[in-house]
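**Q** The structure is given below, and queries will be raised subsequently.
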Amino acid sequence: MTPATDGTGTTVTRQGNRIDISGGKLSGDGVNLFHTFQQLGLTETQTANFISNPAIQNILARIVGGDASLINGLIRVSGGNSNLFLINPAGIIFGANAQLNVPASFTATTANSIGFGSNFFNAIGSNNYTALTGSPSSFVFSASQPASIVNRGNLAVNRGESLNLLGGTVTNTGQVSAPDGQINIIPVPGESVVRISQPGHLLSVELSSKALNSQTQVEKEENGKSTSAATLPELLTGGGDKVNATGVTINSDGTVQLTDSAPNNSPSNNLAENNNAAVIRSAQQINPGSPTNSPPNNSNGGISPHRLIREVRILLLTIVMRGCPPN
């Protein structure tokens, strides 16, 4: 783990296998703390301890060196009840021993910037940290092929919190858990914006015209019913021959595992690379212990939109299309 020498002021102090992370830059309102790393990775015996305080609501750490982050140890936040955001446009890999010990929500993303209203925390380049006030409101993916996120570990947050993984491709062969909270696993096409906390919605996705197939149309759903369900499977799973995700299994302990029925019985659980966004709610809202089984055929990734909508409750999703050619 190496802090960047860009003036952000991130300090790394090693105490045996524990790496304390302090310093950084505060936003003008004092609620957001920003760190910059040249490289961020952990071995299975290491702990990254982000030091916070009760006034800090969000800690945002960017990795600018151009290499993917391999995290195979423990990520911790101490001293405050802060949400933690990791942003690395080159990719993030959670190894088999990766774990979380965070008091609030956790987000890992390969976005190119995180929006704070009309201002942006850039993953690469300079930032006006004073202007990055309030709460994060969007994730901007400006690359044509955003980097991937892979989870082989056991990522869990506290009761009522959220766990968010957003990348060009999200592959999960481990476990993710958010009891009474929310899990957002969001594979994002290039040149897209994922917005946070839209009124009455879990999230929305804005797709540029370059990221859209001209035949794809999804209208805003109302009262829990989509007005265009025919294309929902492709938007949720990406479609195409790279899609292996066919179901979601809710374990008795409340953890969520993505499953697949790939012909080669590969353990890899992939959410695909195309125009998609998926939200998995807490186990208590999905009928604990009841898996969502895939249909016999494997069209559209083998996922039935009606079954997923009923059992996984991934409605309240809006796809907003920008710059689309008229029909």
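Our numbering applies: residue 69 is where the sequence shown begins, and numbers increase by one. Here a beta-carbon is modelled for each residue, glycine too, at the ideal position from N, C-alpha and C.
(1) Quick one, are the C-beta atoms of residue 98 and residue 124 less than 9 Å apart?
(2) Under 9 Å, do residue 181 and residue 101 count as touching if we go by C-beta distance?
(3) Which class does residue 239 belong to by DSSP, given the choice of helix, strand or coil?
(4) Rank 122, 142, 83 and 226 by C-alpha distance to the C-alpha of residue 148 and give the top, closest one.
(5) Using a 10 Å radius around the Cβ and a threshold of 16 neighbouring Cβ atoms, would you call residue 130 buried or exposed?
(6) Smallest Cα separation from residue 93: which of 200, 259 and 235?
(7) With a CB to CB cut of under 6 Å and the five nearest residues on each side skipped, what residues in its chain are close to residue 187?
(8) Provide the residue(s) that pair with residue 136 in DSSP beta bridges, ordered along the chain.
(9) Which whole-angstrom value describes the C-beta separation of residue 87 and residue 117, a residue pair presumed to lie in contact below a C-beta threshold of 8 Å?
(10) In three-state DSSP terms, what is residue 198?
(11) Secondary structure at residue 206, three-state DSSP: helix, strand or coil?
(12) Using DSSP with H/G/I as helix, E/B as strand and the rest coil, what is residue 142?
(13) Helix, strand or coil, according to DSSP, for residue 113 in the structure here?
(14) Given 8 Å as the limit, is there contact between the stretch 156-174 and the stretch 138-148, that is, 3 or more CB pairs closer than that?
(15) Less than 9 Å separating the beta-carbons of residue 206 and residue 262?
(16) Reducing DSSP to helix, strand and coil, say where residue 83 ends up.
(17) Would you kindly report the start and end of the unbroken beta strand (DSSP E) that includes residue 219?
(18) Buried or exposed: residue 96, going by 16 or more other Cβ atoms within 10 Å of its Cβ?
(19) For residue 152 and residue 174, what's the separation of their Cα atoms in angstroms?
(20) Return the bridge partner residues of residue 233 from the DSSP annotation.
(21) Measure the alpha-carbon distance for residue 135 versus residue 248 and round it to whole angstroms.
(22) In whole angstroms, what separates the C-alpha of residue 119 from that of residue 89?
(23) Closest by CA to residue 234, which one among 193, 91, 246 and 178?
(24) In the DSSP assignment, the beta strand (DSSP E) including residue 104 goes from what residue to what residue?
(25) Quick one: give me the first and last residue of the beta strand (DSSP E) that residue 167 is part of.
(26) Using beta-carbon positions only, say whether residue 105 and residue 158 come within less than 9 Å of one another.
(27) Could you tell me the alpha carbon to alpha carbon distance between residue 420 and residue 112, rounded to whole angstroms?
(28) If you follow the beta strand (DSSP E) that residue 261 is part of, which residue opens it and which one closes it?
(29) Where do the ends of the beta strand (DSSP E) carrying residue 181 lie?
(30) DSSP three-state call for residue 91: helix, strand or coil?
(31) Cβ atoms of residue 232 and residue 254: under 9 Å apart, would you say?
(32) Between residue 108 and residue 137, is the Cβ-Cβ spacing less than 9 Å?
**A** The relevant details are as follows:
(1) By one-based count along the sequence shown, residue 98 stands at place 30. By one-based count along the sequence shown, residue 124 stands at place 56. Yes. Within cutoff.
(2) Along the sequence shown, read from residue 1 onward, the residue named residue 181 stands at position 113. Along the sequence shown, read from residue 1 onward, the residue named residue 101 stands at position 33. Contact flag unset, no.
(3) Counted from its first residue, the sequence shown places residue 239 at position 171. Three-state result, residue 239: strand.
(4) Against the sequence shown, residue 148 aligns to sequence position 80. Of the candidates 122, 142, 83 and 226, the one whose C-alpha sits nearest the C-alpha of residue 148 is 122.
(5) In the sequence shown, counting from the first residue as 1, residue 130 sits at position 62. It counts as buried.
(6) Translated into positions along the sequence shown, residue 93 becomes position 25. Among 200, 259 and 235, the Cα nearest to that of residue 93 is on 200.
(7) Counted from its first residue, the sequence shown places residue 187 at position 119. Once the five neighbours on either side are set aside, the close Cβ partners of residue 187 are 199 and 200.
(8) If you number the sequence shown from 1, residue 136 lands on position 68. Note: residue 136 sits in no beta bridge, so no partner.
(9) Reading the sequence shown from its first residue, position 19 is the one you call residue 87. Reading the sequence shown from its first residue, position 49 is the one you call residue 117. 6 Å between Cβ atoms; contact.
(10) Locating residue 198 in the sequence shown gives position 130, counting from the first residue. Residue state, collapsed to three classes: helix.
(11) For this step, residue 206 is matched to residue 138 along the sequence shown. Strand at residue 206.
(12) Taking the first residue of the sequence shown as 1, we reach residue 142 at position 74. Residue 142 falls in the strand class under three-state DSSP.
(13) Numbered from 1 along the sequence shown, position 45 holds the residue referred to as residue 113. It is coil, neither helix nor strand.
(14) yes
(15) Along the sequence shown, read from residue 1 onward, the residue named residue 206 stands at position 138. Along the sequence shown, read from residue 1 onward, the residue named residue 262 stands at position 194. Taking 9 Å as the Cβ cut-off, residue 206 and residue 262 qualify as a contacting pair.
(16) Within the sequence shown, residue 83 is the residue found at index 15, counting from 1. In this structure, residue 83 counts as strand in the three-state DSSP scheme.
(17) The sequence position of residue 219 within the sequence shown is 151, counting from 1. Segment 217-219, the beta strand (DSSP E) holding residue 219.
(18) Here residue 96 refers to the residue found at position 28 of the sequence shown. Classification of residue 96: exposed, given that the 10 Å Cβ count is below 16.
(19) As a position in the sequence shown, residue 152 is number 84, starting the count at 1. As a position in the sequence shown, residue 174 is number 106, starting the count at 1. Going by the C-alpha atoms only, they are around 5 Å apart.
(20) Stepping through the sequence shown from its first residue, residue 233 is reached at position 165. Bridge partners of residue 233: 176 and 253.
(21) Translated into the one-based positions of the sequence shown, residue 135 becomes position 67. Translated into the one-based positions of the sequence shown, residue 248 becomes position 180. Each residue's Cα considered, the two are about 35 Å apart.
(22) If you number the sequence shown from 1, residue 119 lands on position 51. If you number the sequence shown from 1, residue 89 lands on position 21. Approximately 6 Å between the Cα atoms of the pair.
(23) Taking the first residue of the sequence shown as 1, we reach residue 234 at position 166. Taking only the C-alpha atoms, the option nearest residue 234 is 178.
(24) Your numbering for residue 104 matches position 36 in the sequence shown. Its beta strand (DSSP E) spans residues 100-107.
(25) The count along the sequence shown starts at 1 and reaches residue 167 at position 99. Segment 167-169, the beta strand (DSSP E) holding residue 167.
(26) Taking the first residue of the sequence shown as 1, we reach residue 105 at position 37. Taking the first residue of the sequence shown as 1, we reach residue 158 at position 90. No, the pair does not count as a contact, with Cβ atoms beyond the cut-off.
(27) Residue 420 lies beyond the range of the chain shown here (69 to 395); nothing can be said about it.
(28) In the sequence shown, the residue the question calls residue 261 occupies position 193. Segment 260-264, the beta strand (DSSP E) holding residue 261.
(29) Sequence index remark: in the sequence shown, residue 181 carries index 113 (1-based). Element bounds for residue 181: 181-184.
(30) Counting from one through the sequence shown, the residue named residue 91 turns up at place 23. If DSSP states are grouped into helix, strand and coil, residue 91 belongs with the strands.
(31) On the sequence shown, residue 254 is found 186 positions in, with the first residue counted as 1. On the sequence shown, residue 232 is found 164 positions in, with the first residue counted as 1. Cβ atoms of residue 254 and residue 232: closer than 9 Å.
(32) Locating residue 108 in the sequence shown gives position 40, where the first residue counts as 1. Locating residue 137 in the sequence shown gives position 69, where the first residue counts as 1. Closer than 9 Å, so yes.
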